[in-house]
Every structure is written in C-alpha cells, then in structure tokens.
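A quick write-up on the structure given underneath.
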Ligand SMILES: Nc1nc2c(c(=O)[nH]1)N[C@H]1C(S)=C(S)[C@@H](COP(=O)(O)OP(=O)(O)OC[C@H]3O[C@@H](n4cnc5c(=O)[nH]c(N)nc54)[C@H](O)[C@@H]3O)O[C@H]1N2
Ligand SMILES: Nc1nc2c(c(=O)[nH]1)N[C@H]1C(S)=C(S)[C@@H](COP(=O)(O)OP(=O)(O)OC[C@H]3O[C@@H](n4cnc5c(=O)[nH]c(N)nc54)[C@H](O)[C@@H]3O)O[C@H]1N2
Ligand code: SF4
Ligand SMILES: [Mo]
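Numbering (the numbering used here), first residue to last: 2 to 706.
This is the structure we're talking about:
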C-alpha cells in the first residue's frame, strides 16, 4: 500500500466580503480534507468566519450541480424539470440561440449578462466574461447592486481611487465609528482589530445604525438614527464642531475647498434640535459625539454599505466623508475614514475586460432594474437572452415578484452557471455546473485590506464542473471569436498585473510563490496627511464643482429617503414601518442559505419589531406574520429583540424563496427605485406593513430545513 500523498495549499476565500481571507487547505490523495484560516496572514490571522469554516462541506456537498442540464418542464420551482445533456450540446445550444438573437431584428443588445461577485476572483468575475459579451455586442450590465451610490459620493469628496485609511492601523485608533457597518459579521477581521484598539489605546467603539446589530450590541455606544437620515446626523455634528470652534483650521486651509460655504450652511440649516427631529437621535448625543469626534485622535469612521441603500445614500457617504478633513483626522495614522481599499490596487482592468470591444453606443442596463429590463420597460430591445453567473438574482434583486414574472417568460432564453440549484436555476433553460474555489485558479484583490492574493487550483473539478473562464473560452470558440482574446489563465493574470505603481515588483511568479503580497505602498500608509487629494482641485472637496455640473447640490446636504414617513405621509399611512434587510450572519447574501448547517443556525426568517408596534398589531414573539406593501409580501416570524425603535423593523436575509414559507423572500417588498448617485440600490428604503397571518396560512414549523 502506498503512503497517501498530502499537500498543503494556500487558497483564498472567494466570497464577496472585505476580508478576503487566506485559507490553508490540506489535500490528501486529491481530496481536500481540511480547511482553516491562515495563521501567517497579517489580516486573516488564523481564523475564518462561521460561514466559511465549513466550506469543505460545500465543496463536497451532494447538492452540487454536476453536469449541464436543459429544461424539459415549465419555468419556476418544482421537481423533475431538467434533463442531463453534454457540455457540447449545452454550449452549442447557447451559441445557436445567442447567434439567432444577435441576427434578429432585436440585435445583440437583446442579450444581457447578469453577474455579481459570487466569487471575487478576477479571472472568474471580471475577465473573459466581459470580453465575451463586449465582443458579442450584448448590452452591458451596470453593476450597481451593492456599492455604487456610496462609491460615487465618496469619490466626489475624496477623489479618484476612493482611497482611505489603512485598516491595519485600526489598533492605533482611539475613537472608532462603525457607521452603517455591521463589522462583527460583515468584516470580522476588522472587528478583531477594533477589539485590539480597545486593549491597546482604550479605544471607544461607537456604532451608528437604526438596528441594534451584533456590532451595535458589542460597541461601547450605539446611536440609533431613523433609516436614511445619516447625512443629517453628519451635518449636525459639523454644526457643533464649527459652533464650538473644534475644527482644525490649519487642515481646512491646506486640505479643503468650500469650508466657509459648508460652515455657513450647517450653522444656519442644521442645528442639533432640527437634526434630532429628522434623525431621532437626541440632542445630547449629537453634542457629545461631535465633541468627542473632534478631540479624540486618531479617529476612524468605518463608513460602510448599510447607510447607502437609501434614496439619499450617495449624498450621505459624500457628507460623512467630509468629517475627517474638518477635524484634521487624516493627520494621524489610522485616522480618517475608509469605505473600500479596492481602488489602491490599480490592476489593469482595461486589459482584463476590454471595454473597447463593446460597440460604441451599446446600452447599459442597471442591474437593480432587472425587473424592468425583463419587462421591456427600459430603452432598447426587450431582453431575450439572459446569462447569469456569480449571482442569484431571483433571490437578491429588488422587486422580486416582477423579476420572477420576467424570468418566467416563455420567450426568454436563460442560461445559469451555478454551483447549486438556486432560485434562479429554477428559471434556467440551460444550467451549467460551476467549479468551487478549490477547483480553479484565480487572483484576488480585497476591499478590506491591501494584499494581492493568488488562489491555486487545489483539487480537480468535481463531476463535469467548469470554471467561468473555461466556459467563455468554449463559447467564444463556437461563436468564432478571435482565439487571442480568450487566452489561458496565466496570460490573463499577467495582463492584470501589468498595472499601476502599487503593483510594482509583483510578478506572477512572485505572487504564485508567496501567495499573498502586500501592495507596494508605504509601511506607514497615511493617505491625505499632507492635505493633498486626487480631486480636480487637489483638495478634499467640501464644495464640489463636479457635483454642480452633475446637477447635485455642490455642498453636503440631507436627501430624505424615498419612502420616508416624514416626507411621504400618505404612503406611510398605509405602510408605516421602515424596514431594513441587512444580511443574516450565517449567510453571505444568499450563499449558504441552502446549506443545512447554516440554515439550522440561522433558523426561520424573522421580522424584528419594536414591542409597541407588535402589540398594536396583536403580534407576539414567535408568531408568523406577513410583511407586505404594494410590491409584494413575505412571511417571517415575529422577533421581539429590542433591536429597533418604534416605526422601524429589520428582516435579515437573504433566504432562498423556495426554502421560505409562502415561497417568497424579503426582496418581494424591496424597491427597484435608484439611489441619488451611481444608480445604487435602495434595499433599505422600504415602507411596509405587518399583520398576523391567518391560522390556515401559517406555515408548519421547521419548513426550511
Ligand atoms: N455575514 C455576512 N457578511 C457579509 C455579507 C453577508 O451577506 N453576510 N455581505 C457582504 C457584502 S456583499 C457586503 S456589501 C457587506 C455589507 O456589509 P455592511 O456594510 O456591514 O452592510 P449591511 O450589513 O448591509 O448593513 C450594515 C448595517 O447598516 C444598517 N443600516 C441600514 N440602514 C441604515 C441607515 O440608514 N443608516 C445607518 N447608519 N445604518 C443603516 C443595517 O441595519 C446594518 O446593521 O458585507 C459583506 N459581508
Ligand atoms: N434585501 C436585500 N437584498 C440584497 C442585499 C441586502 O442586504 N438586502 N444585499 C445586496 C448586496 S450588498 C449584494 S452584493 C447582492 C449579492 O447578490 P449575489 O451576487 O447574487 O450574491 P449571492 O447571493 O451570494 O449569490 C452568488 C452566487 O454565485 C454563485 N457562485 C459562486 N462562485 C461561482 C463561480 O465561480 N461561478 C459561478 N458561475 N457562480 C458562482 C454562488 O453559488 C451563489 O449562488 O445582493 C443584494 N441584495
Ligand atoms: S471573513 Fe469573509 S473573507 Fe474571511 S472567510 Fe469569512 S467570508 Fe471569507
Ligand atoms: Mo454587497
């Protein structure tokens, strides 16, 4: 008997999470037998979150899609609607259908790729896929579902690259604000650095969130504004800072434009009592936070995604990102704000994605408007061919009912490339099986640290699974596209690395040998300490000419939510509750929501209500309730956790509809209306009503498992 062959491989967590962890995988005789966090990685520091700790169960799950299939029954959930086909047949059918649509009167723009970041790997998420659809002349997809509103808002203030503080310097901070950030669950390695700051500098951790999230519960101080009112809160802090002369005049003079205009505005328009009336945050809390923020350095604002999923989300992030300059927080290492580190990398994304291949004038479809695109309500042809990968839109996209009506269309040809039989797979004409992260090679940037990472292939693909990049090679071949545009993985990685100065000295050979390489940025990274910003004026733009040119208020201001009881009283008289729907800690968006262990830990879908709101509706903890508005409905169990104020509710997700009582999820109620900037999503800008479900409608216990 020969000895087992055992190798240790360093892989990268592929999930859409800022931490981009390094994982150590043990492979024995070609089988991955152990997976854990990499102790040697400066950011991962030896642990993986609860979601990924059992990733090997996912890799070897009996539920994995193992071979291509084609539809033989009606669209929608149900058994026995697919039959197995070969890869050749699958690719031929897709190529034939795409060619037919492209040659029809609708033209190639009736084909729409639909993807997000089921894997963050550059090869699988942003390379041959983009080239393929650009070359085909398909509609392009504006990937707005997550971070675009805040990204645009931040950039107006801070300039190109959306740069910010170094997360590794968090232990040096004395005041840390989690602003719209459930850091404990969504960025857990940053949270561990925050805890270190508590030990090292006796730091105070503050969380600003309408929902008492796990992060709020573990913070020293929780401020609970009404959803979507953060810009008003930030303007109120500025009022106190200027009124009490707590600003940093020297930094303002050197590093900003428009300080006097902004000061005049906040002093006249945003006194604490008005801000308290808008936000629901008491005056004394506004005063105290302003004073502490201006005087306790280094201070960091971890501004994140929760607060931008509102009508005024872009302006909110733009406004908050002015704060550090006003108090001179950028002077200190660790001080300032950070939204995303991804702009630091400077990977050659043009070379990878080749936008120049897309014919001039090609329309772009906002991914938040999938419902409208499928209904033919957007300019340009109605979508006739849809290719979904790295994404589960049937569960995650807003206005779910309308999305599903579109996906059910008989004349729509839908391809879904997936690892698991998701809600979206139920609507596919052709299903393609995808590789897991251990089964393909890739490179990863991060949006929560400054390391570039390499993910080698650790094991052979299961069944007939193929990587995204491989599928696009196969499809391009069938459509007769130039082979040179669809090269092998090594060539693609080299093209990606041929980028900006932060990549200097990082060859593919070095990256493969070291696995994780810190970007070529100073050890003591301290952006903007000199008061210079990559904006048109070279300064932090408290006043922005670019915003004025783009028809925005050039100064920070408060834009109320689209569905705000204060500004939409008639809507609120029917649907009085502002509902936020951030992630449940056990799931990563809708990933893991089919995994038995994760589902058991997550339990039934819940609607967390204030005690008074439940009482007036005759609801008790544990009751099944219907949450509804004009767009749709879903069922959830009432939870009275003390986590929300009256008038606010939280339903954490994202469950798969087919595993949910009533067959729909939280996005049945969310709106496809767009945020003020970047075409961003408004998932948390959502008025609903809640009622008890009749006994007959009540689902049986443990339906989900
Ligand atoms: N466990 C887990 N981790 C994840 C994810 C996941 O699904 N599960 N998803 C990943 C992805 S794709 C992303 S984009 C990030 C998101 O990570 P975060 O940026 O942390 O975003 P959310 O968890 O959506 O929202 C954070 C908090 O914002 C709050 N919030 C909602 N509305 C407002 C508001 O108007 N003002 C303020 N101040 N707060 C508000 C929510 O109640 C929530 O507690 O996390 C990533 N990490
Ligand atoms: N109500 C509400 N809705 C939300 C949010 C919210 O907080 N509340 N969050 C929003 C946010 S921030 C985001 S980012 C989106 C995320 O929405 P999605 O991008 O749809 O994210 P997931 O639900 O994780 O689905 C990703 C899918 O990609 C698949 N996948 C993984 N790796 C690969 C691969 O290599 N190849 C292929 N072909 N497939 C792969 C996974 O199996 C998974 O089913 O959801 C948004 N929707
Ligand atoms: S913390 Fe994020 S990057 Fe790390 S293992 Fe969990 S999901 Fe992956
Ligand atoms: Mo996201």
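Positions of the beta carbon are idealized from the N, C-alpha and C atoms, including for glycine.
Quick check on residue 483: does DSSP put it in helix, strand or coil? The residue given as residue 483 occupies position 482 in the chain shown. Annotated three-state conformation of residue 483 is coil, per DSSP.
Mapping DSSP to helix, strand and coil, what is residue 454? Mapped onto the chain shown, residue 454 falls at position 453. Of the three classes helix, strand and coil, the one that applies to residue 454 here is strand, per DSSP.
Suppose you measure from the CA of residue 532 to the CA of residue 265; what does that come to, to the nearest Å? Translated into positions along the chain shown, residue 532 becomes position 531. Translated into positions along the chain shown, residue 265 becomes position 264. Cα-Cα distance, rounded: 22 Å.
If you measure from the beta carbon of residue 582 to each beta carbon in chain D, is any gap under 9 Å? Of the protein chains in this structure there is only one, and it is not chain D.
Helix, strand or coil at residue 649 [DSSP, three-state]: Here the question's residue 649 lines up with position 648 in the chain shown. Reduced to three states, the DSSP call for residue 649 is strand.
Give the single residue among 148, 81, 647, 29 whose Cα lies nearest to the Cα of residue 367. Taking the chain shown and counting its residues from 1, one reaches residue 367 at position 366. Selected option, being the one with the closest Cα: 148.
Inter-residue Cα distance where the pair is residue 648 and residue 502: The residue given as residue 648 occupies position 647 in the chain shown. The residue given as residue 502 occupies position 501 in the chain shown. Distance between the alpha carbons of residue 648 and residue 502 is about 50 Å.
So, helix, strand or coil for residue 564, using DSSP? For the purposes of this step, residue 564 is taken as residue 563 along the chain shown, with counting starting at 1. Note: residue 564 maps to coil in three-state DSSP.
For residue 56, is the beta carbon positioned less than 8 Å from some heavy atom of ligand 2? In the chain shown, the residue the question calls residue 56 occupies position 55. For ligand 2, not one heavy atom lies less than 8 Å from the Cβ of residue 56.
How about the stretch 415-428 and the stretch 687-699: do they share at least three Cβ pairs that are nearer than 8 Å? No, because fewer than three Cβ pairs between the stretch 415-428 and the stretch 687-699 fall closer than 8 Å, the two stretches do not touch.
For residue 321, does the three-state DSSP call read helix, strand or coil? Looking up residue 321 in the chain shown gives position 320. Residue 321: helix per DSSP, three-state reduction.
Please name the residue or residues paired with residue 35 in a DSSP beta bridge. Translated into positions along the chain shown, residue 35 becomes position 34. Per DSSP, 27.
Would residue 249 be called buried (16 or more neighbouring beta carbons within 10 Å of its own) or exposed? Locating residue 249 in the chain shown gives position 248, counting from the first residue. In summary, residue 249 is buried, with 16 or more beta-carbon neighbours lying within 10 Å of its beta-carbon over all protein chains present.
Taking all protein chains shown into account, decide if residue 549 is buried (16 or more other Cβ within 10 angstroms of its Cβ) or exposed. Start at 1 with the first residue of the chain shown, and residue 549 comes out as number 548. Residue 549 should be labelled exposed.
Have a look at 618, 73, 178 and flag the residue whose alpha-carbon is nearest the alpha-carbon of residue 300. Looking up residue 300 in the chain shown gives position 299. Here the closest residue by C-alpha is 178.
What is the residue span of the beta strand (DSSP E) that residue 602 lies within? Walking along the chain shown from the start, residue 602 turns up at place 601. That residue, residue 602, is in no beta strand (DSSP E); its alpha helix (DSSP H) goes 597-603.
Residue 576 to residue 606 span [Cα, whole Å]: The residue you call residue 576 lines up with position 575 of the chain shown. The residue you call residue 606 lines up with position 605 of the chain shown. One C-alpha to the other measures close to 20 Å.
Strictly by DSSP, which residues pair up with residue 254? Taking the chain shown and counting its residues from 1, one reaches residue 254 at position 253. Paired residues: none, contrary to the question.
Quick test of the definition: if touching needs 3 or more C-beta pairs under 8 Å, does the stretch 639-656 touch the stretch 282-296? no
Given residue 703, which residues of its chain have a CB within under 7 Å of its CB, disregarding the five upstream and five downstream residues? The residue given as residue 703 occupies position 702 in the chain shown. Because residue 703 carries a pLDDT of 43, less than 50, the predicted location of this residue cannot be relied on, and the following value inherits that uncertainty. Answer for residue 703: no residue qualifies.
For residue 180, three-class secondary structure by DSSP: Numbered from 1 along the chain shown, position 179 holds the residue referred to as residue 180. In this structure, residue 180 counts as strand in the three-state DSSP scheme.
Would the beta-carbon of residue 699 fall within 9 Å of that of residue 656? In the chain shown, the residue the question calls residue 699 occupies position 698. In the chain shown, the residue the question calls residue 656 occupies position 655. Their beta carbons are not under 9 Å apart, which means residue 699 does not touch residue 656 by this criterion.
Hey, residue 172 and residue 197 are a contact pair by Cβ (cut 8 Å); roughly how many whole angstroms apart? As a working mapping, residue 172 is identified with position 171 in the chain shown. As a working mapping, residue 197 is identified with position 196 in the chain shown. Going by Cβ atoms, the distance from residue 172 to residue 197 rounds to 4 Å, so yes, they are a contact pair.
Taking 8 Å as the cut-off, is the beta-carbon of residue 16 closer than that to any non-hydrogen atom of ligand 3? Within the chain shown, residue 16 is the residue found at index 15, counting from 1. True, at least one ligand heavy atom lies under 8 Å from that Cβ.
May I ask you to report which of helix, strand or coil DSSP gives residue 143? Within the chain shown, numbered from 1, the residue matching residue 143 stands at position 142. Residue 143: strand per DSSP, three-state reduction.
Determine the DSSP secondary structure at residue 441, reduced to helix, strand or coil. Reading the chain shown from its first residue, position 440 is the one you call residue 441. Residue state, collapsed to three classes: coil.
Hey, is residue 20 close to ligand 3, as in C-beta under 8 Å from one of its heavy atoms? Counting from 1 along the chain shown, the entry for residue 20 is found at position 19. Yes, the beta carbon of residue 20 sits closer than 8 Å to at least one heavy atom of ligand 3.
Tell me whether the stretch 21-28 and the stretch 395-406 touch, counting them as touching only if at least three CB pairs, one residue from each stretch, are closer than 8 Å. Judged by Cβ distances under 8 Å, the stretch 21-28 makes no contact with the stretch 395-406, as fewer than three pairs qualify.
What is the DSSP secondary structure of residue 492, counted as helix, strand or coil? Here residue 492 corresponds to residue number 491 of the chain shown, with the count starting at 1. In this structure, residue 492 counts as helix in the three-state DSSP scheme.
Alpha carbons only, please: which of 470, 332, 428 is nearest the one belonging to residue 525? Within the chain shown, numbered from 1, the residue matching residue 525 stands at position 524. Selected option, being the one with the closest Cα: 332.
Please state whether DSSP places residue 195 in a helix, a strand or coil. As a working note, residue 195 is residue 194 in the chain shown. Helix at residue 195.
Spatial neighbours of residue 596 in its chain, beta-carbon cut-off 8 Å, leaving aside the 5 residues before and after: Counting from 1 along the chain shown, the entry for residue 596 is found at position 595. So the list reads 55, 58, 59, 62, once near-sequence residues are dropped.
Per DSSP, residue 640 is paired with what? Within the chain shown, the letter at position 639 stands for residue 640. Answer is 609, bridged to residue 640.
Run through DSSP, which three-state label would residue 246 get? Numbered from its first residue, the chain shown carries residue 246 at position 245. Coil.
In the structure shown, what three-state DSSP assignment does residue 88 receive? Residue 88 sits at position 87 when you count from the first residue of the chain shown. It is helical.
CB of residue 146 to nearest heavy atom of ligand 4: below 8 Å? Here residue 146 refers to the residue found at position 145 of the chain shown. Yes, the beta carbon of residue 146 sits closer than 8 Å to at least one heavy atom of ligand 4.
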